[in-house]
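Q: First the structure, then my questions, so here it is.
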Amino acid sequence: MGKIAAMSVTVSTEGRVTGGRVVCVLRAVMETGVSTYAHLAHSGGTVAMNCNCENNAACDPVNDSCICAEGQSGEFCQIVSIPDKNQVAVVVYVLASVIPTIAIIGCIVTGILVKQRPRPDHPAVDLELVSLMEAFSSWEVEKEDIRFEHLIGEGEFGHVVRGRLRVPEGYEVLVAAKSIRPDRMTVSAVRDFRREMTILTRIYEDKDGHPNIVKLYGVVTESEPKYILVEYASHEELRRYLWSLREQRKTTGNGKLLERLGFTCDVANGLSELARLKIVHRDIAARNVVISDRKVAKIADFGLSRDVYLSSAYKRTDRGGKEELLPLKWMALESLRDGVYTCESDVWSYGVLLWEIASFGEEPRYAGGPMHPDVCTLLELLRKGVRLEQPENCPKSVYRIIRSCWIVDPSKRPTPDELLQKIDQMRPQRQAAILADSIR
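Numbering (the UniProt record's numbering), first residue to last: 1 to 440.
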């Protein structure tokens, strides 16, 4: 049976009165680890062996059963359960698979609940406008100081209203109040709005500005709708003014070459200032130049023109999964091809503007292509060397300047200062210009 390694005796009395049965439990622990219990009940001298528990399990002295520890089972606790390594691995693998799935489901449910919460329609737009208000606080104008008159321009997302602004000096000035329609607020519209504010405030940091860039009077950002207040041009945009000159020319024969050359110099001068400030306009065109009451041309519309003056000049184009309104026929080859905008690409657009001035506001059309080509068609034409043809009655000297703006290599195009110098050299020839006007 084996040697006894240890022995103990436990004595207890059944009942609470003297004379009850005496229970004596003898525990012998064998070297093999088997605990053998002898349950001796002294009640007339009977002796019985009641427990034979294994694995050091204890014996219940009352009901003579083995008390198994955790991981033990069987009548005598003879079965010991050891976790199988493979089972552990399976459990770990299952948990590793299930927990991420539960986490993903939780995220989806959370997302759905968050979407169902009441919230602003355009949170990203709201953030843009908050930073917009902080950035331009020094230009803030009280809305009570503006008297709005009538609508002068409207688009899908914005509009322009003529108004009168009471300035600190006490008198009123005519302004064009540009705004985004509150019911059509989008991130892109706010971005364009902010871009125009940023450029104008940068140009007018010293409050003097530039004579050939539209004057900024202030902004309204602390109430709805928000406005950019710029000087009102009595003759509206250059394109419309050129149309009126075309009609006059039909009756008087005078094309006002000197005046038109003056406009080209004005725009070149403004473009030179933008280049100095390292500002790229991206949309130099006759529709984005205004004529003041003193017949001075000024560059305007640094952001909202694509919408407010929406016309056939802009084409909806999908670029990188994002739909944009682009003035394709005014864009440089590298802008069409790579989406690159630089001061040199503004010079290309300026060449198209010169073409518009020379043609009395005609819409550009490339020979061999449709009136409104897409990006691929226009790129193919430009790569083949196709350019806008010389307008009727346009002096060759002017057309040579125009063509120089469309050189493929941006670095070889003339700078705004060089253009200004070349065009200005033609202006002193007043008598020749008058004679040319009388002949045409």
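For every residue, glycine included, the Cβ atom is placed at its ideal position computed from N, Cα and C. The model shown is predicted, which means the values in this text are computed figures rather than measured ones.
Excluding five sequence neighbours on each side, which residues of the same chain lie with their C-beta closer than 8 Å to the C-beta of Tyr204?
A: Translated into the one-based positions of the sequence shown, residue 204 becomes position 204. Closer than 8 Å at the Cβ level, and outside the excluded window around Tyr204, lie Lys215 and Leu216.
Q: Leaving out five residues before and five after Gly351 in sequence, what residues of the same chain have Cβ atoms less than 6 Å from its Cβ?
A: As a working note, residue 351 is residue 351 in the sequence shown. Within the same chain, Gly351 has close Cβ partners Ile402, Cys405 and Trp406.
Q: How many angstroms separate the CA atom of Glu128 from the CA atom of Leu245?
A: Numbered from its first residue, the sequence shown carries residue 128 at position 128. Numbered from its first residue, the sequence shown carries residue 245 at position 245. Confidence at Glu128 is low in this model, with a pLDDT of 45, below 50, so the placement of that residue is unreliable and no value is reported for it.
Q: Closer than 6 Å by C-beta to Tyr341: which residues in its own chain qualify, once you throw out the five before and the five after it? Chain order, please.
A: The residue you call residue 341 lines up with position 341 of the sequence shown. Closer than 6 Å at Cβ, skipping near neighbours: Val280, Arg282 and Ser335.
Q: Can you give me the C-alpha to C-alpha distance between Gly255 and Asp266, rounded to a whole angstrom?
A: Working through the sequence shown from its first residue, we reach residue 255 at position 255. Working through the sequence shown from its first residue, we reach residue 266 at position 266. C-alpha separation (whole angstroms): 18 Å.
Q: What are the residues that DSSP puts in a beta bridge with Ser179?
A: In the sequence shown, counting from the first residue as 1, residue 179 sits at position 179. Note: Ser179 sits in a beta bridge opposite His159 and Tyr227.
Q: Looking at the secondary structure, which residues open and close the beta strand (DSSP E) in which Phe302 lies?
A: Sequence index remark: in the sequence shown, residue 302 carries index 302 (1-based). That residue, Phe302, is in no beta strand (DSSP E); it is neither H nor E in DSSP.
Q: Any idea if Tyr241 is buried or exposed, counting beta-carbon neighbours within 10 angstroms, 16 or more meaning buried?
A: Reading the sequence shown from its first residue, position 241 is the one you call residue 241. Buried: at least 16 other Cβ atoms inside 10 Å.
Q: Using a Cβ-Cβ cut-off of 6 Å (strictly less than) and excluding sequence neighbours within five positions of Leu419, which residues of its own chain qualify?
A: Along the sequence shown, read from residue 1 onward, the residue named residue 419 stands at position 419. Counting only Cβ-Cβ distances below 6 Å, and skipping sequence neighbours, we find Ala268.
Q: Using the DSSP secondary-structure output, state which residues sit across from Leu354 in a beta bridge.
A: Indexing the sequence shown from 1 puts residue 354 at position 354. Partner(s): none; Leu354 has no beta bridge.
Q: Would you mind reading off the limits of the alpha helix (DSSP H) that contains Phe263?
A: Start at 1 with the first residue of the sequence shown, and residue 263 comes out as number 263. Per DSSP, Phe263 belongs to the alpha helix (DSSP H) from Leu257 to Arg276.
Q: Measuring only the C-alpha atoms, how far is Ile291 from Leu378?
A: By 1-based counting over the sequence shown, the position of residue 291 is 291. By 1-based counting over the sequence shown, the position of residue 378 is 378. Answer to the nearest angstrom: the Cα atoms are 31 Å apart.
Q: Check each candidate in Cys59, Arg164, Arg294 and Ile213 and name the one with the smallest Cα separation from Leu271.
A: As a first step, residue 271 must be located in the sequence shown, where it is residue number 271. Here the closest residue by C-alpha is Ile213.
Q: By how many angstroms is the C-alpha of Lys278 removed from the C-alpha of Glu392?
A: What you label residue 392 is simply residue 392 of the sequence shown in a count that begins at 1. What you label residue 278 is simply residue 278 of the sequence shown in a count that begins at 1. Rounded to the nearest angstrom, the two C-alpha atoms are 35 Å apart.
Q: At which residues does the beta strand (DSSP E) containing Ile291 begin and terminate?
A: Along the sequence shown, read from residue 1 onward, the residue named residue 291 stands at position 291. Unbroken beta strand (DSSP E) run through Ile291: Val289 to Ile291.
Q: Do we get a CB-CB distance below 8 Å when we pair Met371 with the residues of chain B?
A: Absent here is chain B; the protein component of the structure consists of one chain.
Q: Three-state secondary structure (DSSP) at Ser65?
A: By one-based count along the sequence shown, residue 65 stands at place 65. Here Ser65 sits in coil by DSSP.
Q: What residue from Lys396, Val289 and Thr186 has the CA that sits closest to Ser349's CA?
A: As a first step, residue 349 must be located in the sequence shown, where it is residue number 349. When only C-alpha atoms are compared, the closest one is Val289.
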